[in-house]
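Chemist:
Number of protein chains: 2
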Amino acid sequence: MKLAFIGLGVMGYPMAGHLVRAGHDVTVYNRTAARADAWVSEYGGRAAVTPAAAAEGADIVFCCVGNDNDVRQVIAGENGAFQGMKPGAILVDHTTASADVARELAAAGAAHGLSFLDGPVSGGEAGAVNGKLTIMLGGDEDAFDRVKDVMAAYGRAVTLMGPVGSGQLTKMVNQICIAGVVQGLAEALNFAQRAGIDGNKAVDVISKGAAQSWQMENRSSTMLAGKFDFGFAVDWMRKDIAICMAEASRNGAALPMTGLVDQFYERIQGRGGSRWDTSSLIDLLQRP
Amino acid sequence: MKLAFIGLGVMGYPMAGHLVRAGHDVTVYNRTAARADAWVSEYGGRAAVTPAAAAEGADIVFCCVGNDNDVRQVIAGENGAFQGMKPGAILVDHTTASADVARELAAAGAAHGLSFLDGPVSGGEAGAVNGKLTIMLGGDEDAFDRVKDVMAAYGRAVTLMGPVGSGQLTKMVNQICIAGVVQGLAEALNFAQRAGIDGNKAVDVISKGAAQSWQMENRSSTMLAGKFDFGFAVDWMRKDIAICMAEASRNGAALPMTGLVDQFYERIQGRGGSRWDTSSLIDLLQRP
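From first to last, the protein sequence lines are chains A and B. With our numbering applied, the first sequence corresponds to residues 461 to 748, in that order. With our numbering applied, the second sequence corresponds to residues 461 to 748, in that order.
1) Along the region 627-653 of chain B, what residues have a CB closer than 7 angstroms to any CB found in chain A?
2) With C-beta atoms as the reference, is Leu720(B) less than 9 angstroms away from Val642(B)?
3) Got a sec? Which residues, its chain only, sit under 6 angstroms from Val470(A) by beta carbon, not counting five neighbours each side?
4) Checking the sheet assignment: what are the DSSP bridge partners for Val521(B)?
5) Find the nearest neighbour of Arg698(B) within the set Ala706(B), Asp722(B), Phe688(B), judged by alpha-carbon distance.
6) Figure out for me which residue from Phe724(B), Gly598(B), Ile657(B), Gly573(B) has the closest Cα to the Cα of Ala557(B).
7) When you compare only the Cα positions, how much space is there between Leu463(B) and Phe522(B)?
8) Taking the C-alpha atoms as reference points, what is the distance between Gly540(A) and Met611(A)?
9) Check the C-beta distance from Gly640(B) over to Leu649(B) and give it rounded, since I have them as a contact under 8 angstroms.
10) Would you verify that the beta carbon of Leu720(A) is, or is not, closer than 9 angstroms to some beta carbon of chain B?
11) Gly627(B) lies in the beta strand (DSSP E); which residues open and close that run?
12) For Asn490(A), which residues in the same chain have their Cβ closer than 6 angstroms to its Cβ, ignoring the five residues on either side in sequence?
13) Count the other CB atoms, across all protein chains shown, that sit within 10 Å of the CB of Glu707(A); report buried if there are 16 or more and exposed otherwise.
14) Using beta-carbon positions only, say whether Arg506(A) and Val488(A) come within less than 9 angstroms of one another.
15) Please state whether the Cβ-Cβ distance between Phe542(B) and Leu574(B) is less than 9 angstroms.
16) Please report how far the alpha carbon of Ala513(A) lies from the alpha carbon of Glu564(A), in whole angstroms.
17) Determine, for Met596(A), whether the minimum Cβ-Cβ distance to residues of chain B falls below 9 angstroms.
18) Could you run through the region 572-587 of chain A and flag, in chain order, every residue whose CB is less than 9 angstroms away from some CB of chain B?
19) Are the C-beta atoms of Arg616(B) and some chain A residue less than 9 angstroms apart?
20) Can you tell me which of the three DSSP states Arg616(A) falls into?
21) Mind checking who Gly593(A) pairs with in its DSSP beta bridge?
22) Just to confirm, is the Cβ distance from Ile758(B) to Leu629(A) under 9 angstroms?
23) Under 8 angstroms from any heavy atom of the ligand ADP, does the C-beta of Asp578(A) make it?
24) Counting only beta-carbon atoms, is Asn678(A) nearer than 9 angstroms to chain B?
25) Could one say the Cβ of Glu601(B) lies closer than 9 angstroms to chain A's Cβ atoms, at least one of them?
26) Beta-carbon within less than 7 angstroms of Val607(A)'s beta-carbon, same chain only, minus the 5 sequence neighbours each way: which residues are those?
27) Give a yes or no on whether the C-beta atoms belonging to Met447(B) and Lys668(A) are separated by under 9 angstroms.
28) Spell out whether any CB of chain B is found under 9 angstroms from the CB atom of Ile728(A).
29) Counting along the chain, where does the alpha helix (DSSP H) carrying Leu715(A) start and finish?
30) When you compare each of Asp743(B), Tyr725(B), Arg616(B) to Ser680(B) by their alpha carbons, which one comes out closest?
31) Residues of the region 659-675 of chain B with a CB closer than 7 angstroms to any CB of chain A: list them in chain order, please.
32) For Asp528(A) and Ala646(B), I'd like the C-alpha separation in whole angstroms.
33) Applying the 10 Å Cβ sphere with the 16-neighbour rule, what's the burial state of Asp609(B)?
34) Is it right to say Ser709(B) is buried, meaning 16 or more other beta carbons lie within 10 angstroms of its own, or is it exposed?
35) Rounded to a whole number of angstroms, what is the C-alpha to C-alpha distance between Lys678(A) and Asp737(A)?
36) Would you mind working out which of Glu726(A), Ile595(A), Cys524(A), Gln672(A) sits nearest Phe465(A), comparing C-alpha positions?
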């Protein structure tokens, strides 16, 4: 199938590569052209100079960029994907962005005879590289049915959650859960250290029961060792929490713990931890 | 082996029963004598009129009561277990209590030639009934080696965490993790409902990734349905958090999220939810 991929960041680069390996004809666009050239050298395919040019003739255009404004620009802005797409084509946005921007772009696309699906992912860089992302989508069932098999190239679980925006809302549910789990784990492991308990041994014992979590199984030992130079960065988490907060202010959901954790992440940014993994919440407790 | 079990509550009743089924000679004591009689009718064994009488001649005395003061009374008080125990016998306290009371009772026991292990459990009523509790212990390795096989009657994982008090401290680590996980899940599921997302479907998707937790897999559907008449009661969780807070004030660990969640549980008590499951945190968000 003829495809385009816009945005070759940590996630987009390997995702677009999986599409080539699955046998598709892929044209990419990246703001920094050198990275697009490197991608072409690695995977084949072609690089275009604008999102519109990349999208020309494509059946499906994928996008994975930074935030709401980036999404608006590369999709609906000047020389954006919508300007190049043929009628009936589908745009799938993998950026974690607001549900509002998803609804806005779906309406703009519909005016041009184009379909739009919001499809944020979870699974991180490792999931993108291994092709095992979880993809939660919002949009029309027809459009979803036409893209889901293509996304299987990098998605282990590909689920239509509801109308446009539902993918983003589900990703927000995910991030709110993570905020609570990581803060609880940080307080617990710092407590263990100060109480003279072997944190790794405690985790071995309690991870068999009601305190168990993916974060406990995958982040405890690095938290205890003070290693945060990997994973999902604090800056990205704050961007996602801001999206949750904005949506919550519309739908009336209270997020007291999430708001508290956001303040902690702000303090981590203030001590130079913008690129640290989200598990760095423990650093604030260890060095208040 | 000749054993005693003091405290036939929701946990102790089935735990003591497992000891009989494993072939031991068990004498029980319970403050409300009728419940001890019911236990004898169900399992055989004998009931004694005081903890001291129950403990007479026993190689190991188990205890599972309510709080620090209950523990002090039935073990070291008048007609407490220590008064009946023979030199060289071991007391294992399964109550979730403070590390301080564990150290205090270990010292008092040592003065009489008795060993003391703190051994709080996790796994809840179901774990006690099915004999699949996780038991985290603090105390001497010699004493641990002499009791661990006996506890296998109701413990799936039986671990010595360190010196006396270490079992209690590990249980606190467990409860702090749970506070964060449950509050995150409550905020996330309430957010999902207000955003018009199918919460159960969202959980199916996100439980494959970094937001996954035991609480998500075992409590989401009941939280979404508003069912809280089961599980680990808010009153018990507040008792445990109070123990964590007191210990943290000694060891200097900050527990900002745990303290916030404790305030939420206090509000749940205020609306009549003292016996609701800990997952009832979502009720405060749904009906603020």
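Yeah, the Cβ is synthetic: ideal placement off N, Cα and C, and Gly gets one too.
Modeler: Working from what's here:
1) Leu629, Thr630, Met632, Val633, Asn634, Ile636, Cys637, Ile638, Ala639, Gly640, Val641, Gln643, Gly644, Leu645, Glu647, Ala648, Asn650, Phe651, Ala652
2) As a first step, residue 720(B) must be located in the second sequence, where it is residue number 260. As a first step, residue 642(B) must be located in the second sequence, where it is residue number 182. Not in contact: Leu720(B) and Val642(B) (Cβ atoms no closer than 9 angstroms).
3) Position 10 of the first sequence, counted from the start, is the residue given in the question as residue 470(A). Take Val470(A), set aside five residues on each side of it, and the residues of its chain with a beta-carbon closer than 6 angstroms to its own are Glu585, in chain order.
4) Taking the first residue of the second sequence as 1, we reach residue 521(B) at position 61. Answer by DSSP bridge pairing, in chain order: Ala464(B), Leu551(B).
5) For this step, residue 698(B) is matched to residue 238 along the second sequence. Nearest C-alpha to Arg698(B): Asp722(B).
6) The residue given as residue 557(B) occupies position 97 in the second sequence. Of the residues Phe724(B), Gly598(B), Ile657(B), Gly573(B), the one whose Cα lies closest to the Cα of Ala557(B) is Gly598(B).
7) Taking the first residue of the second sequence as 1, we reach residue 463(B) at position 3. Taking the first residue of the second sequence as 1, we reach residue 522(B) at position 62. Cα-Cα distance, rounded: 8 angstroms.
8) Counting from one through the first sequence, the residue named residue 540(A) turns up at place 80. Counting from one through the first sequence, the residue named residue 611(A) turns up at place 151. Going from the Cα of Gly540(A) to the Cα of Met611(A) covers about 22 angstroms.
9) Reading the second sequence from its first residue, position 180 is the one you call residue 640(B). Reading the second sequence from its first residue, position 189 is the one you call residue 649(B). With a Cβ gap of about 15 angstroms, Gly640(B) and Leu649(B) do not count as contacting.
10) Counting from one through the first sequence, the residue named residue 720(A) turns up at place 260. Interface residue, yes.
11) Residue mapping note: residue 627(B) aligns to position 167 of the second sequence, counting from 1. First-last for Gly627(B): 626-655, but that is the alpha helix (DSSP H), not the beta strand (DSSP E).
12) Within the first sequence, numbered from 1, the residue matching residue 490(A) stands at position 30. Hits under 6 angstroms: Leu468, Ala496.
13) Position 247 of the first sequence, counted from the start, is the residue given in the question as residue 707(A). With 16 or more other Cβ atoms within 10 Å, it is buried.
14) Looking up residue 506(A) in the first sequence gives position 46. Looking up residue 488(A) in the first sequence gives position 28. Yes, Cβ-Cβ distance for Arg506(A) and Val488(A) is below 9 angstroms.
15) Start at 1 with the first residue of the second sequence, and residue 542(B) comes out as number 82. Start at 1 with the first residue of the second sequence, and residue 574(B) comes out as number 114. Contact flag set, yes.
16) Along the first sequence, one-based indexing puts residue 513(A) at 53. Along the first sequence, one-based indexing puts residue 564(A) at 104. Spanning the two alpha carbons is a distance of roughly 22 angstroms.
17) To locate residue 596(A), count along the first sequence from 1; it is residue 136. True, the Cβ-Cβ gap to chain B drops below 9 angstroms.
18) Ser582, Gly583, Gly584, Gly587
19) For the purposes of this step, residue 616(B) is taken as residue 156 along the second sequence, with counting starting at 1. Yes, contact with chain A.
20) Taking the first residue of the first sequence as position 1, residue 616(A) is located at position 156. Three-state DSSP puts Arg616(A) in a strand.
21) The residue labelled residue 593(A) in the question sits at position 133 within the first sequence. For clarity, residue 593(A) is Leu in the given sequence; the question names Gly instead. Leu593(A) is bridged to Gly615(A).
22) Residue coverage of chain B in this structure runs from 461 to 748, which leaves residue 758(B) outside it and unanswerable.
23) Ligands are entirely absent from the displayed structure, and the ligand ADP is therefore not among its contents.
24) Residue numbering aside, residue 678(A) sits at position 218 when the first sequence is read from its first letter. Yes, because at least one Cβ of chain B sits closer than 9 angstroms to the Cβ of Asn678(A).
25) In the second sequence, the residue the question calls residue 601(B) occupies position 141. No, its Cβ sits nowhere closer than 9 angstroms to a Cβ of chain A.
26) Taking the first residue of the first sequence as 1, we reach residue 607(A) at position 147. Counting only Cβ-Cβ distances below 7 angstroms, and skipping sequence neighbours, we find Ile520, Ile550, Val552, Leu577.
27) Nothing in the structure corresponds to residue 447(B), since chain B is present only between 461 and 748.
28) Walking along the first sequence from the start, residue 728(A) turns up at place 268. False, the Cβ-Cβ gap to chain B never drops below 9 angstroms.
29) Within the first sequence, numbered from 1, the residue matching residue 715(A) stands at position 255. Unbroken run through Leu715(A): none, as it is neither H nor E.
30) As a position in the second sequence, residue 680(B) is number 220, starting the count at 1. Selected option, being the one with the closest Cα: Asp743(B).
31) Legend: CB atoms of the region 659-675 of chain B lying less than 7 angstroms from CB atoms of chain A belong to residues Lys661, Ala662, Val665, Ile666, Lys668, Gly669, Ala670, Ala671, Gln672, Ser673, Trp674, Gln675.
32) The count along the first sequence starts at 1 and reaches residue 528(A) at position 68. The count along the second sequence starts at 1 and reaches residue 646(B) at position 186. Whole-angstrom Cα-Cα distance: 27 angstroms.
33) Along the second sequence, one-based indexing puts residue 609(B) at 149. Label assigned to Asp609(B): exposed.
34) Counting from 1 along the second sequence, the entry for residue 709(B) is found at position 249. Under this definition Ser709(B) is an exposed residue.
35) The count along the first sequence starts at 1 and reaches residue 678(A) at position 218. The count along the first sequence starts at 1 and reaches residue 737(A) at position 277. First, the amino acid is wrong: residue 678(A) is Asn here, not Lys. Roughly 12 angstroms separates the two Cα atoms.
36) Stepping through the first sequence from its first residue, residue 465(A) is reached at position 5. The shortest C-alpha to C-alpha distance from Phe465(A) to any of Glu726(A), Ile595(A), Cys524(A), Gln672(A) is the one to Cys524(A).
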